[in-house]
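Just so you know, the sequences run in chain order A and B. For the first sequence, our numbering assigns the number 7 to the initial residue and increments by one for each residue that follows. For the second sequence, our numbering assigns the number 530 to the initial residue and increments by one for each residue that follows. Heads up, the beta-carbon is just placed ideally off N, CA and C, and yes, glycines get one too. Just so you know, these numbers come straight off a predicted model, no measurement behind them. For reference, the structure discussed in these notes is given below.
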Amino acid sequence: MATEHIDVRYVAGLSRLELNEEECAVFQRQLEAILGHVESLAALDVTGIEPTSYPAPVYDVMREDEPRESIPTEAVLANAPDQAQGQIRVPKVIADA
Amino acid sequence: MSLASASISSLRKQLLAGDITAVEIVDALAASVSARNEEIGAYLSTNLDDARAQAAAADLSKPLGGIPIALKDNINVLGQPCTCGSKFLSAGYTSPYDAHVTGLLRDAGAVLYGRTNLDEFAMGSATENSALMVTRNPRDTTRIPGGSSGGSAAAVAADLAIAALGSDTGGSIRQPASHCGIVGLKPSYGRVSRYGLVAFASSLDQIGPMTKSVEDAALLLQAIAGPDHRDSTCLNVPVPDYSADLHKGVAGMKLGIPKEYFGEGIDPEVRARVEEAVKRLEAAGAEIVEISLPHTEHAVATYYIIAPAEASSNLSRFDGIRYGQRAAAPKDLLDLYQRSREEGFGPEVKRRIILGTYVLSSGYYDAYYTRAQKVRTLIRRDFEDAFQKMDAILTPVAPAPARKLGENSGDPLHEYLSDIFTLAPNLAGLCAISVPAGTVASDTGTQLPVGLQILAPHLAESTLLRVAKAAEI
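What follows is the structure in structure tokens.
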């Protein structure tokens, strides 16, 4: 099992979270305590044990590919923070060439 | 007795006899809510006018005809807010659709009345992590109601709701039910559709009833159980009649007492109440057998790897683009994501997202996540072995009665350890219930409820309810 300490600011970046200094310090301490606790699993012999992703069988569910009613566009846009011309507006994604 | 304090089954009898009307029930609830919700903080929102209209139009011939049901505010109801107890969604999100269970409640004739408070995105054991308000335990308002379905539990316990739905990922129905002195049932994984429940940890979450009696839990489960093509984890298997065997008793049943659940760390008075409940079941004809679930001690560590991992993935959809919080004047798209999430999420949610991202990240995935999933198999096998010989298993719900508000703040590991008795059934997909088992006197003289937890095999809710009915005080 891992022995390195968690780099909270780096992992927060991977999670798309921008933390302030105080949050980083608090989470550093708390997450290291939690990871210290979960280290106990390293002592278990799990050789040959299948992992359980779901506690009950999960099957692919297929249906006929038929057009049908969905949630109306207006209902979807009603929750969007910003919209224009029937679409959700976001900051520019592609930089100028 | 006020109509607001009655059970579903008693109100149904009175409605069908024509002694009361559904609108009178809503009015009685409205009076209770206006008298006590400010003190308790059970509801985030209510829709009284709409509820009156639903009640006036209710078809009493349906199974829940005219019965008001409160819903935890992470279950979508068309046209109503769904805040998940978070700032991220509280600034104006309105559900554009019904969750599957919401539709089933409508089909059953229920009146949908009020959205109950919860720990943000259902993460917590106290309802103190709600970003919107505090919920207090109606039995002692200086204490937590438990979490994360604390609003639902408090509403039912304080007679602000006839019954409610909660969601349970690691004990979030059973633990607040235990702390508030009501019945809380977590159905087997796959028994109830999760479509329209805002996902926390998809392999663990289940929606379930929180009620004043075991009989009511059976009635409410009956209404929400069954297949749903929109949730591929919802099982396409028949739903039995949960009320049919309810009164058959426990004579001849074998009930297991796992020694690992009665060791150190449990409040002696809590243990005494649970042992008294076990004795009552023995007197009712059950054979009580000591058993062992050897991997119990690893349940907390396993859960706090798997649940945050799934949460970090599920909560990535909250990015400020399609709904909810969006940071002002972002300099680019990444800045919009990062600041929207920083502003919208509270500390517990951020902590779990970071933890989940870490255990899924390159280099740590096998060491943490894969290993936890293998230990999950060992925990599941412990139960499978036990249920070869046992009909059900009896344990405490929580190691101690409801703690004071604010007592564990800043110490998440200590708080996580309080879930030790409820996590394993979620990891194994079992059905489980909390039934009131008496009270413990607090240092200030209030009586704090204690719950008995009953566990049964996957899809054995009928057995679970039968044992629960026999254990009910």
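Leaving aside the five residues that flank residue 700 of chain B on each side, the residues in its chain whose CB is nearer than 6 angstroms to its CB run, in chain order, 948, 951. The alpha carbon of residue 688 of chain B has as its nearest neighbour, out of B:535, B:787, B:663, the alpha carbon of B:535. Taking a beta-carbon distance threshold of 9 angstroms, residue 92 of chain A does not count as an interface residue toward chain B. Residue 18 of chain A reaches chain B at 883, counting residues in chain order whose Cβ is nearer than 7 angstroms. Residue 75 of chain A is not bridged by DSSP to any residue.
Pairing residue 833 of chain B with residue 955 of chain B gives a Cβ-Cβ distance that is not under 9 angstroms. In the three-state reduction of the DSSP assignment, residue 808 of chain B falls in the helix class. The C-alpha of residue 96 of chain A is placed about 48 angstroms away from the C-alpha of residue 930 of chain B.
Between the C-alpha atoms of residue 866 of chain B and residue 22 of chain A there is a straight-line separation of about 6 angstroms.
The DSSP-derived three-state label of residue 960 of chain B is strand. Taking all protein chains shown into account, residue 869 of chain B has 16 or more neighbouring C-beta atoms within 10 Å of its C-beta and is therefore buried. Of B:890, B:766, B:578, B:795, the smallest CA-CA separation from residue 14 of chain A is found for B:890.
The beta carbons of residue 779 of chain B and residue 814 of chain B sit about 6 angstroms from each other, so the pair counts as a contact at 8 angstroms.
Taking the beta carbon of residue 987 of chain B as reference, the chain A residues within 7 angstroms of it are 62, listed in sequence order. As computed with DSSP, residue 574 of chain B is found in a beta bridge with B:644. Assignment of beta-bridge partners to residue 792 of chain B by DSSP yields no partner.
Excluding the 5 residues flanking it on each side, residue 907 of chain B has same chain C-beta neighbours closer than 6 angstroms at 824, in chain order.
A contact is defined here as three or more CB-CB pairs under 8 angstroms, and the region 937 to 948 of chain B fails this definition with respect to the region 986 to 994 of chain B.
Against chain A, the CB of residue 822 of chain B has no partner CB under 9 angstroms away; the residue lies outside that interface.
DSSP, read as helix, strand or coil, puts residue 1002 of chain B in coil. Judged by their CB atoms, residue 52 of chain A and residue 881 of chain B are not nearer to each other than the 9 angstroms cut-off. Listed in chain order, the positions of the region 705 to 738 of chain B with a beta carbon within less than 7 angstroms of a beta carbon of chain A are 718, 719, 732.
Assigned with DSSP and collapsed to three states, residue 741 of chain B falls in coil, not helix or strand.
If you check each beta-carbon in the region 896 to 907 of chain B against every beta-carbon of chain A, the ones closer than 8 angstroms belong to 896, 897, 899, 900, 901, 902, 903, 904, 905, 906, 907. For the beta strand (DSSP E) assignment, the uninterrupted runs of no fewer than 3 residues enclosed by the region 800 to 846 of chain B are, from N- to C-terminal side, 816 to 820. Judged by beta-carbon spacing, residue 755 of chain B lies within the 9 angstroms limit of residue 633 of chain B, meaning their Cβ atoms are closer than that value. Contact of residue 829 of chain B with chain A is assigned, a C-beta pair being separated by under 9 angstroms. Per DSSP, the beta bridge partners of residue 623 of chain B are B:610. 855, 859, 861, 862, 865, 866, 867, 868, 870, 871, 879, 880: these are the residues of the region 855 to 880 of chain B whose beta carbon lies less than 7 angstroms from some beta carbon of chain A, given in chain order. In this structure, the beta-carbon distance from residue 1000 of chain B to residue 806 of chain B falls below 9 angstroms. Within its own chain, the residues whose Cβ lies closer than 8 angstroms to the Cβ of residue 826 of chain B, once the five positions on either side in sequence are excluded, are 789, listed in chain order.
Sorting B:676, B:970, B:979, B:934 by C-alpha distance to the C-alpha of residue 964 of chain B places B:979 at the top. Counting along the chain, the unbroken alpha helix (DSSP H) around residue 556 of chain B starts and ends at 551 to 569. Near chain A, meaning a CB-to-CB distance below 8 angstroms, no residue of the region 679 to 705 of chain B qualifies. Around residue 838 of chain B, the same chain offers 885, 888, 889, 898 as residues with beta carbons nearer than 6 angstroms, after the five sequence neighbours per side are excluded. Bridge partners of residue 978 of chain B according to DSSP: B:968.
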